[in-house]
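Beneath this line is the structure, given in structure tokens, with notes to follow.
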Amino acid sequence: MKKILFLLTLLSTSLFAFAQNGIIKGTIKDSKTQEAVIGASVAVTGSSNGAVTDVEGNFIIPKVPTGTHNLSISFISYKTKTIEGISVQADKTTLINTSLDPDIGQLAEVVVTAARQRNTEIAVITEIKEALQVVSGVSAEQVVKTQDRDVSEVIKRIPGVTVMENRFVMVRGLSERYNAVMLNDALTPSTENDVKAFSFDLIPSGMLDRLLIYKSAAPELPGEFAGGVIKIYTKAPINNTFSVAYSSSFRPGTTFNKFHSQERGSKDWLGYDDGTRELPNNFPANVRNLTNSAELESASKAVPNNWSNSESTAMPDQRLSVNFTKMFGVGDNIKLGNVTSVNYTNAYQHYRASRFNFNTYDPVSQSAGQIYQYEDDTYTNNVRVGVLHNWSAIIKGNHKIEFRNLFNQIGSSQNTLRTGQEFESGNDLRGYGYRYESRRIYMGQFHGEHSFSNEKSKLTWAAGYANTNRQEPDFRRANERRPINSPSDRSYTVTLPPDASNTDASRFYSEANENLYMASADWEQKLSLGNDSTAENLPVIRAGFYAEQKDRDFAARWMAYSKAQQGNFNESISHLPIEEIFAPQNINAVTGLVLREGTNPSDRYAASNLLLAGYVGTTIPYQKFIFSGGARVEQNNQQLNSASQLGNKVTVDNNILRVLPSANIAYNFSKKSLVRLAYYRTLNRPEFRELAPFAYYDFNFNNVVSGNPNLKTPSIDNFDARYEVYPEAGETVSFGIFYKRFTNPIESYFSPGAGSGGTRNFTFDNADNSTSAGAEVEARKTLRGLTSSSFLDNISVLLNASFIYSRVELGTRAIGQDQSRPMMGQSPYAINAGVYYNNEDRGIQANVLYNVIGKRVFAVGTIGTPNIYEMPRNVLDVTITKRLTNFVDLRLGVQDLLNNTYRLRQDTNEDDELTNNSKGDDNILSYKRGSYFTVGFLFNLR
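With the first letter of the sequence shown counted as 1, position 49 gets the number 49 in full-length UniProt numbering; the numbers rise by one all the way through.
Laid out in structure tokens, this is it:
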């Protein structure tokens, strides 16, 4: 770290000493119509520095060396214009406003030397306006104004979007299972073992070009969604840049405070386990099969005694990223581009959480008996390594081929030290949890775009491969107990189960690996009307296919220590400190401890899904109407091979053909306002995990979740309406409503009669039906021109909100739980607001962002054990950016300034009146993460 700080100090000193650059910016218009020229190339003659005009005709060229320069401006159907003798001064902005003269006769002579930008706020709003569906989105330009570190933080700025567990996205109140996630137009594999979900915290915000959520369907979009099709686009090369960003963050209660860590591997700093936590290579495949005590003792000793935890001081979080883009020509007709981004993060967090559990509510005493109360000190160290490496080739201006690569590796080491009381058993408790999780994703893709016949015909194709891997090596849990009110010098006794257990003296291992192969092609043909081949709004026919093969392998293994022989056990072992109890000298087959295998045949499965889809669609403009629609046919074969706990074979072979119609109608009142109506049918396939009989134990909430191989594929009928207004470029106001009806939705069901020790068992099943309805509103507006104040001219505001109602009818199968309830994870409202200040001349940006969501079902309850809700909390973020020189930006920020308590609460008295202070209700979990302060520098080296 000292070397990094020295390097950054050296860079900063050099840049301040040699910052002799200025800025050229301005506006390009049509000389006759005075309308903005969009996509014009503006280049500094004799250099690679340049820009492309946005939808307002504006451009900005940073880092122009001081001195006198010439500016070349060109665009198709306009005469190339050269402005000579432009004086550029250090740290100042030179304004150039000019116009281009039309020149229809020289189309072939014009060469566009830069790609059109799509990652600005104006460009994204324009893309949303021109879309045929109901779309919301966010641009890289807007992301830069926040302190959002990854896509899971970025996406919650979009109307109708909420985030669960800081990484799973819900659109319009629907859980993550109802989203289709596409990275650069290819579907992503699932990153989780237990839910159908993509973990959005895998992608750093610095790699994002733009993010769009399609909330209504089209034939060319995937048919498996009800919330939204989330399209993530990574950065593409536009011009020549080289930048280094470094930041350090401070969290009160963590930074420079005591921090507990488990034993580390040599590669933990790179985000993955080097094998330290894995079982030895020669370890038996199943301890249960060992035939004699010597073999059992040998195997039990082979597992390392890694139950100690070390104490250190948590240093400030460190983030470093290096970004490089390069454009260069090959001959006269080919332009190559490369964008490479490498980033590294090492972050620490400690918080103390209070956990509670209660018995059934007693209406006489108006309270519920408390089962336990725990205080958890959780210490987490997260490491992320990410690489983005994309290439593009533009051939003769109308052919583009791209090679895209994204790799991210995240390692999370978590220690939980628990203290508390168990009132029913009358014990004090001291618990230990040592967990390490490794997550990896790679996505590679070849992508092509080809235009023919003066852009009336267009072919787009893609072929790609993706891999996700998730490992949880050696999750260790142990508990020690002693009677309540014991003298302080009385030792605790470790709890040793009579057989294998997932809760006491246990070790759990799991790995999921998923491969995805895809290919797609899309053809678009504009149809000429009579002799008018230059009509702006021509009918369009689209057709294409999508093919995908997905394969997943999952395996889990779990064991626990128990007494080798009950009558001969040396009881003094159970009173030793946790780091000594499982040492080799205490492992023997007579008086000591041995491992017991708990793994059963249901703890592994192999699954695959073959998806073949084809579609035909059309767009028909008529006066102020635009109709877009068609049909998509999806054939998929879903297979799974596993076994029951007793070893009986479990096989799933679902072969389903579905026709999915969609229709979108837009009516343009003017160039600045329109209304959209949409109907579409979609589906929602069971996820591999939901079909597999594997039972997963949730340590935090004492639940066991098992799959159901008999699940059906649900279908959804969707209706949308939205009114949109675009007052000026970069501004929008919209109001929309939606309604969805689900047939056979997959929901969580309580399994009565299963479980022990307070454990609740759940499985998946098809409910009878469910509905979801809501309204969304969004406004983005600048204050420019509202008053004579130059200060207000630099301010823009953003507000979006959604209000949602949902209900699922579980039917008669809902034994032991409510037959009707809100859909799990659905918030009745979500509000985002932002105030943005941008003074380009002074190089100052300041932003204040606010977010709040309504209470939502976090965990499904049972009769007598009500649903658990995540309660609202107000989140306020502040960021300030100051351009120190043309080379250096200073960034300051604080996240979660209000530091409201995160709270899970149970509607114990089941009166449906649940607030943070409601009587008769109880906290299940509460903690504060702490505000997060960041200071960073961005060095633009070219």
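Ideal placement from N, C-alpha and C gives every residue a C-beta, glycine not left out.
Given residue i, which residues of its chain have a CB within under 7 Å of its CB, disregarding the five upstream and five downstream residues?
i                 : result
lysine 145        : Tyr836, Gln845, Asn847 and Thr879
phenylalanine 569 : Lys563 and Thr591
proline 498       : Ser562
isoleucine 484    : Gln421, Gly426, Asn427 and Asp428
Pick helix, strand or coil for residue i, following the three-state DSSP scheme.
i                 : result
tryptophan 307    : coil
aspartate 841     : coil
lysine 712        : coil
threonine 812     : helix
tyrosine 178      : helix
glutamine 349     : strand
glycine 206       : helix
lysine 258        : strand
valine 37         : coil
glycine 936       : strand
aspartate 150     : strand
asparagine 600    : coil
glutamine 142     : helix
valine 124        : helix
phenylalanine 791 : helix
lysine 301        : helix
isoleucine 620    : strand
residue 945       : For the chain, the structure presents residues 1 to 942; residue 945 sits outside this window and is missing.
serine 820        : strand
serine 772        : strand
phenylalanine 688 : helix
alanine 294       : helix
lysine 129        : helix
phenylalanine 423 : coil
phenylalanine 283 : coil
Who does residue i pair with in a DSSP beta bridge?
i                 : result
proline 661       : Ala631
phenylalanine 694 : Beta-bridge pairing links phenylalanine 694 to no other residue.
glutamine 399     : Inspection of the sequence shows that residue 399 is occupied by histidine rather than by glutamine. DSSP, once it has assigned bridges, lists Ile395 and His450 as partnering histidine 399.
phenylalanine 858 : DSSP, once it has assigned bridges, lists no residue as partnering phenylalanine 858.
aspartate 30      : Leu100
methionine 315    : According to DSSP, which records beta bridges pairwise, methionine 315 is partnered with nothing at all.
isoleucine 24     : Ile61 and Thr94
Excluding the 5 residues flanking residue i on each side, which residues of the same chain have their C-beta closer than 6 Å to its C-beta?
i              : result
aspartate 101  : Ser31 and Lys79
lysine 928     : Asn899 and Thr901
isoleucine 924 : Phe356, Ile868, Leu904 and Gln906
alanine 505    : Ala478, Leu496, Ala560 and Tyr561
serine 457     : Gln525
lysine 63      : Asn21 and Asn886
glutamine 349  : Thr254 and Thr380
tyrosine 749   : Thr763 and Asp765
serine 451     : Asn398 and Lys458
asparagine 718 : Tyr680 and Lys740
Which whole-angstrom value describes the C-beta separation of residue i and residue j, a residue pair presumed to lie in contact below a C-beta threshold of 8 Å?
i              : j              : result
threonine 98   : glycine 26     : 7 Å
aspartate 551  : arginine 482   : About 50 Å separates the two Cβ atoms, so there is no contact after all.
serine 520     : glycine 544    : 7 Å
threonine 345  : arginine 384   : 4 Å
asparagine 609 : asparagine 636 : 6 Å
alanine 833    : leucine 799    : 5 Å
residue 943    : valine 852     : Residue numbering for the chain in the displayed model covers 1 to 942; residue 943 lies beyond these limits and cannot be assessed.
arginine 676   : arginine 722   : 5 Å
arginine 476   : tryptophan 307 : 6 Å
Below 8 Å CB to CB, which residues in the same chain sit around residue i once its five sequence neighbours on both sides are set aside?
i             : result
serine 756    : Note that serine 756 has pLDDT 46, beneath the 50 cutoff, so the model's placement of it is unreliable and the number below is only indicative. No residues qualify anywhere along the chain.
aspartate 362 : Ala368 and Gly369
glycine 206   : Ala245, Ser321, Asn323, Ser341 and Asn343
Return yes when the C-beta of residue i is under 8 Å from any heavy atom of the ligand NAP, and no when it is not.
i              : result
asparagine 427 : No copy of the ligand NAP appears in this structure; indeed no ligand is present at all.
- Indicate whether the contact test is met: 3 or more Cβ pairs, each with one atom in the segment 260 to 272 and one in the segment 396 to 415, closer than 8 Å. yes
- Determine contact between the segment 767 to 776 and the segment 730 to 744, defined as no fewer than three beta-carbon pairs at a distance below 8 Å. In short, these stretches touch, since the Cβ pair count reaches three.
- Item | Three CB pairs or more closer than 8 Å across the segment 682 to 696 and the segment 223 to 233 | yes
- Query: Within the chosen definition, does the segment 165 to 179 reach the segment 307 to 326 through at least 3 CB pairs nearer than 8 Å?
  - Reply: no
- Task: Answer yes if the segment 181 to 189 comes into contact with the segment 442 to 452, meaning at least three C-beta pairs across the two stretches below 8 Å, and no otherwise.
- Result: yes
- Message: Three or more C-beta pairs under 8 Å: does that hold for the segment 371 to 383 against the segment 397 to 406?
- Response: no
- Hey, is the segment 642 to 649 in contact with the segment 596 to 613, meaning 3+ C-beta pairs nearer than 8 Å? yes
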